[in-house]
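Note that my numbering has the sequence shown beginning at 40, numbered continuously upward.
Note that CB positions come from ideal geometry on N, CA and C, so glycine has one too.
Written out below as structure tokens is the structure these notes cover.
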Amino acid sequence: LGAPGAVALAVEGLTRNGNAQDPHAAVLDDVSLSVRRGEILGVAGLVGAGRTEMARAVFGADPFDSGRIVVGGETVHIRSPRDASRFGIGLVPEDRKQQALFLSLAVGMNISMASLGKIGKMGLFVDERAERNLIEEFRRALNIRMAGPDQLVSNLSGGNQQKVVLARWLALRPKILIVDEPTRGIDVGAKVEVHNLLFEMARNGIAVVAISSELPEVLAISDRIVVMREGRVTGEIMRSDANEETLMAMMTLTSKAA
Numbered sequence: 040l041g042a043p044g045a046v047a048l049a050v051e052g053l054t055r056n057g058n059a060q061d062p063h064a065a066v067l068d069d070v071s072l073s074v075r076r077g078e079i080l081g082v083a084g085l086v087g088a089g090r091t092e093m094a095r096a097v098f099g100a101d102p103f104d105s106g107r108i109v110v111g112g113e114t115v116h117i118r119s120p121r122d123a124s125r126f127g128i129g130l131v132p133e134d135r136k137q138q139a140l141f142l143s144l145a146v147g148m149n150i151s152m153a154s155l156g157k158i159g160k161m162g163l164f165v166d167e168r169a170e171r172n173l174i175e176e177f178r179r180a181l182n183i184r185m186a187g188p189d190q191l192v193s194n195l196s197g198g199n200q201q202k203v204v205l206a207r208w209l210a211l212r213p214k215i216l217i218v219d220e221p222t223r224g225i226d227v228g229a230k231v232e233v234h235n236l237l238f239e240m241a242r243n244g245i246a247v248v249a250i251s252s253e254l255p256e257v258l259a260i261s262d263r264i265v266v267m268r269e270g271r272v273t274g275e276i277m278r279s280d281a282n283e284e285t286l287m288a289m290m291t292l293t294s295k296a297a
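Here it is, written out as structure tokens:
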């Protein structure tokens, strides 16, 4: 993919205490990581490692107690997903049906809804031609297989539904895209397509953070990999130095060893 560029996103000392089971538990414990423009940073870890919690905190979906988020060298204050989007950060969540898609709406609306402010006339009315062009642009770019933009998104395959979520974010031209379990519940052919889309994003200068529970996937798509366990970053390794055994060892370190 070529050498990554400047640091696009840095998370420094991100800490969040308390969950529904234990108000004193460390959900995120001094998490620090960074990703550069044009780089795919893989985030590996077992269930409960804090990877999704980190992503949601960076995206403003969940609060955090201390730490800072730096975008393009500037400390930013993110209190909501709207703030994150304004700073060029997107999140494709792990549960697309519950957290990303509007299943009762058409494919086209699911793609264009986040961009309506940009394709409106005087901010009041949607430019329908511009909206159709936007939908068609990303249908072609992502090879979304659908009967037409008016088809219900609930009737698409899992792989095509995931492409719709990616299309919605790509239409906003993000600088940083966090993808949580990018290929969960989709077939092998669609997985390859989604991986190729992530590579294409990186080639276009987007900083990609890819969270995955599948070690072969982490190894296939990442330039660099961080490992989380029990809310902490327990290691970092270049893809060229990593294999499933080294990652599993880093993922299963005891707390004291970490």
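Residue burial is scored here from C-beta neighbours: PRO43 has at least 16 other C-beta atoms within 10 angstroms and is therefore classed as buried.
LEU191 is bridged by DSSP to ALA145. Counting other Cβ atoms within 10 Å of its Cβ, VAL231 stays below 16 and is therefore classed as exposed. Secondary structure at SER252: coil, using DSSP grouped into helix, strand and coil.
The stretch 277 to 294 makes no contact with the stretch 102 to 118; the number of CB pairs closer than 8 Å stays below 3. In the DSSP assignment, LEU72 forms a beta bridge with VAL50.
The closest CA to that of VAL272, considering only LEU48, ASP61, VAL66 and ALA45, is found on VAL66.
If you compare the alpha carbons of PRO213, THR222, VAL257 and ALA88 with that of GLY77, the shortest gap goes to PRO213.
In this structure, DSSP gives SER261 a state outside helix and strand, which the three-state scheme calls coil. ASP69 is not a Cβ neighbour of GLY87, given a cutoff of 8 Å. Taken atom to atom, the span from the alpha-carbon of GLU220 to that of GLU256 is near 10 Å.
For ALA83, the enclosing beta strand (DSSP E) begins and ends at 79 to 83.
Here PHE164 is exposed, its C-beta having fewer than 16 other C-beta atoms within 10 Å.
For ILE174, the CB contacts under 7 Å within the same chain, skipping 5 residues up- and downstream, are GLY147, ILE150, SER151 and PRO188 in chain order. Under the criterion of beta carbons closer than 8 Å, GLY112 and THR54 do not qualify as touching, at roughly 22 Å. At the C-beta level, LEU140 and VAL203 come within 8 Å of one another.
The beta carbon of SER193 lies closer than 6 Å to those of LEU142 in the same chain, with the five residues before and after it left out. Excluding five sequence positions before and after ALA96, the CB atoms of its chain that fall closer than 8 Å to its own CB belong to LEU53, ARG55, LEU67, PRO102 and PHE103, given in chain order.
In the DSSP annotation of this structure, the continuous segment of the beta strand (DSSP E) that includes ARG271 starts and ends at 271 to 277. With respect to the 8 Å criterion, ALA249 and ILE79 are classified as neighbours on the basis of their beta carbons. In this structure, LEU216 is the residue among GLN137, GLU176 and LEU216 with its C-alpha nearest to the C-alpha of ASN243. Assigned with DSSP and collapsed to three states, ILE215 falls in strand. In this structure, the alpha-carbon of ILE264 lies about 28 Å from that of ALA180.
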